[in-house]
Every structure is written in structure tokens, then in C-alpha cells.
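See below for the structure under consideration.
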Ligand code: GTP
Ligand code: MG
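Next up, the structure:
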């Protein structure tokens with residue numbers, strides 16, 4: 055919905071200010087914190103609250119009955135990973151309206167799964183895809199278009215067409231990364247984006263905020279942007295996949311010696327957490343470690359030229 059003038063209290067002048075600041079849809083206006091809209095548009099706080107109220111009424115983002123909520127959830131879709139055992143533990147694939155977090159040490163396959171999904175998300179729904187385009191925020195410079203070509207060819211797709219439908223941005227630092235995430239609220243509806251990848255969500259934050267005194271700032275920013283991603287996923291019924299590293303537990307006598315970075319903020323904001331590790335003979339193991347309803351199960355996969363495949367298939 056991009057007819058901003060249809061909102062009560064929004065005339066041509068306010069609409070053009072909102073659009074100029076990047077708020078081009080009613081969904082974006084409804085879900086953005088008012089202070090942020092104020093900073094970017096110079097509109098008054100009360101004006102913004104009224105506009106947001108109108109936007110939410112229009113989208114009926116108020117109390118819903120459980121039945122209405124059920125209808126929204128029924129619009130949830132799943133994207134195949136191209137690997138049956140991995141799809142199985144995910145309940146059929148990566149969900150829209152949710153954040154799926156891939157956690158693992160270096161070389162565990164996080165980026166490879168993200169590139170695989172960038173291709174499979176474009177498949178038609180009959181083949182388990184989301185029939186949409188992809189936005190990929192690459193913070194480590196590891197997105198490889200050649201890999202997209204290989205994976206697309208392996209699935210019998212036209213590599214050039216597939217590559218044309220993946221919009222990639224390299225984020226050079228955490229504030230650039232945040233800017234790119236803000237940009238998604240206009241980019242996604244305008245380009246029929248159905249999968250958003252942030253690989254990795256945490257690396258810039260870990261690299262830039264060093265020392266205990268900066269930790270709460272870092273966590274606050276991380277929290278803010280994770281919630282933006284979740285709102286984006288819900289507003290546009292798209293899938294968000296982010297990657298995360300593991301770090302040594304600072305108090306190794308309690309709990310696991312290694313644990314996901316980003317602490318509780320990360321744990322709470324992500325809908326499904328998948329832990330990846332390397333097994334023997336090139337086999338990799340994915341395990342659901344935290345999810346509102348998926349059981350803690352494991353899947354075995356391998357990375358090949360064609361992308362992510364079932365371990366059995368390879369043997
Ligand atoms: P970090 O980003 O370093 O934390 O790791 P990651 O979890 O993102 O690892 P990534 O997904 O980049 O996995 C890298 C692994 O994929 C390498 O160890 C390679 O063995 C494997 N790999 C990448 N491309 C190919 C390929 O074309 N064929 C095969 N067989 N393996 C590949
Ligand atoms: Mg990687």
C-alpha cells in the first residue's frame with residue numbers, strides 16, 4: 055500500500071516529506087518508531103503519532119482475535135533450502151514473518167546456506183520457493199556471485215537471471231549496516247523481495263564495540279535493528295536469515311564452553327536458531343537449538359558444487 059495521501063491527516067506536503075525520507079508505504083509508517091520518523095522528516099511528534107494511528111487503523115494493526123491472527127499466520131510461507139533433511143528439521147523450510155539465525159564457527163557453512171537460499175527463494179512455490187527476489191547484506195565480503203551461478207546451474211535455472219534478482223550490498227561498518235537495513239523498508243516492497251539475508255549480523259558490532267563499557271550501547275543498537283528486521287519480515291511477509299558467530303563463554307565453569315555471540319538480545323529476537331558444526335568426512339550437522347515450536351533435531355548435509363545437499367545423497 056503506497057497511497058500515503060489516503061491516510062487521515064496526510065496531504066501532499068506531508069506525503070512528500072515522508073516519501074523523501076524513505077517511508078513510501080503505509081506498512082513502513084505503521085511499524086517505524088515515531089522518534090525515527092521525526093528525525094528523518096522534521097514532522098512534529100504528535101503529527102507523527104496521529105499519522106501512525108491512521109496507518110495502523112488502515113492495516114488494522116490493533117488487537118486481533120486469535121482467529122484473525124491465525125489467518126495472518128496462514129499466509130506464512132516456507133522456502134526450501136534445497137536439502138531435504140535440513141527442510142525437515144525446519145518444519146519444511148525457512149519461514150516468512152520470522153528471523154532464522156544460522157550460528158556456527160568459521161567454515162561451518164553459514165554463508166553457503168545463505169547463497170543457496172538466495173537461489174531457492176526465487177523458485178516458484180510449486181518447487182518450494184518464494185517466487186521473489188533477494189536482498190543480501192554482506193558484511194564480510196564473502197558473497198560470491200560465481201557460487202550463485204554454480205548453484206543456479208545445479209538447479210537447472212538460468213544463472214544470469216538468478217543473479218540479476220539478488221540485490222547485494224556490502225556493509226563497511228555497523229552504522230552502514232544499519233543504514234542498509236533501514237533502506238530495506240523501501241527496497242523490499244518496490245522489488246518484490248521475499249528473502250533478506252544479513253551475513254553476518256554481528257561481526258561489525260563485535261569488531262567496533264570493544265570493552266565492557268560499550269557493551270550496553272552495542273546491545274541496544276543490535277536489539278533495535280533485530281526488531282526492525284522482524285517488523286520487516288512481518289510487514290512484507292518475507293523471510294529474514296541472519297548469521298552469527300560463536301564465542302568463548304567468559305565464565306567457562308557455567309554452561310557451554312562456546313556459545314552464540316550477541317547474548318540474550320540475539321537469543322530473544324531471533325525466531326529460530328540453527329546451530330551448524332562440522333562432522334567427519336565433510337559432513338556438516340545442523341541442529342535446531344531454540345525455536346517456539348520446532349523440536350531440537352539434527353540434519354546432516356554436505357557442501358558441494360551444486361550447493362547444500364543431503365549427506366546421504368552424496369554417499
Ligand atoms: P565464516 O563466515 O568464516 O564464519 O564461515 P561460514 O560458516 O560462513 O562458512 P562458509 O559457508 O563460507 O563455508 C565455507 C566452506 O564451504 C569451506 O570450508 C568449503 O569447504 C565449502 N565450500 C565452499 N564452496 C564449495 C564448493 O564449491 N564445493 C565444495 N565441495 N565445498 C565448498
Ligand atoms: Mg561466512
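In our numbering, the protein residues as written are 55 to 369. Yeah, the Cβ is synthetic: ideal placement off N, Cα and C, and Gly gets one too.
>> Taking the beta carbon of residue 57 as the centre, do at least 16 other beta carbons fall within 10 Å, making it buried, or is it exposed?
In response: When all chains shown are included, residue 57 counts as exposed.
>> To the nearest angstrom, how far is the alpha carbon of residue 347 from that of residue 326?
In response: Residue 347 and residue 326: Cα-Cα distance of roughly 9 Å.
> For the alpha helix (DSSP H) that residue 147 lies in, which residues bound it at each end?
Replying inline: Run containing residue 147: none; DSSP gives neither H nor E here.
>> Does the distance between the C-beta of residue 164 and the nearest non-hydrogen atom of the ligand MG fall short of 6 Å?
In response: Within the cutoff, so yes.
> Are residue 311 and residue 298 closer than 7 Å when you measure CB to CB?
Replying inline: Residue 298 sits away from residue 311, with the two beta carbons spaced by 7 Å or more.
> In terms of DSSP beta bridges, what is residue 354 paired with?
Replying inline: DSSP lists 339 as the beta-bridge partner residues of residue 354.
>> Please identify the residue among 96, 76, 71, 101 whose C-alpha is closest to the C-alpha of residue 62.
In response: Ranking 96, 76, 71, 101 by Cα distance to residue 62 puts 101 first.
> For residue 358, which of 207, 125, 66 has the nearest alpha-carbon?
Replying inline: Checked all of 207, 125, 66; the closest Cα to residue 358 is 207.
>> Closer than 6 Å to a non-hydrogen atom of the ligand MG - does that hold for the CB of residue 95?
In response: False, no ligand heavy atom lies under 6 Å from that Cβ.
>> Whole angstroms are fine: how far does the CA of residue 125 sit from the CA of residue 119?
In response: The alpha-carbon atoms of residue 119 and residue 125 are separated by roughly 10 Å.
> Nearest CA to the CA of residue 353: which residue from 337, 285, 241?
Replying inline: The shortest Cα separation from residue 353 among 337, 285, 241 belongs to 337.
> Any chance the stretch 184-191 sits against the stretch 244-262, with 3 or more Cβ pairs inside 8 Å?
Replying inline: By the criterion of at least three beta-carbon pairs nearer than 8 Å, the stretch 184-191 is in contact with the stretch 244-262.
> CA-CA distance, residue 164 and residue 88?
Replying inline: If you take the alpha carbons of residue 164 and residue 88, they lie about 35 Å apart.
>> Please classify residue 304 as buried or exposed, where buried requires at least 16 neighbouring CB atoms within 10 angstroms.
In response: Residue 304 is exposed by the Cβ-count criterion.
>> I'd like the span of the beta strand (DSSP E) that includes residue 220, first residue to last.
In response: Residue 220 -> beta strand (DSSP E) spans 220-224.
> Would you say the beta carbon of residue 196 comes nearer than 6 Å to a heavy atom of the ligand MG?
Replying inline: Checking every heavy atom of the ligand MG against the Cβ of residue 196, one is found closer than 6 Å.
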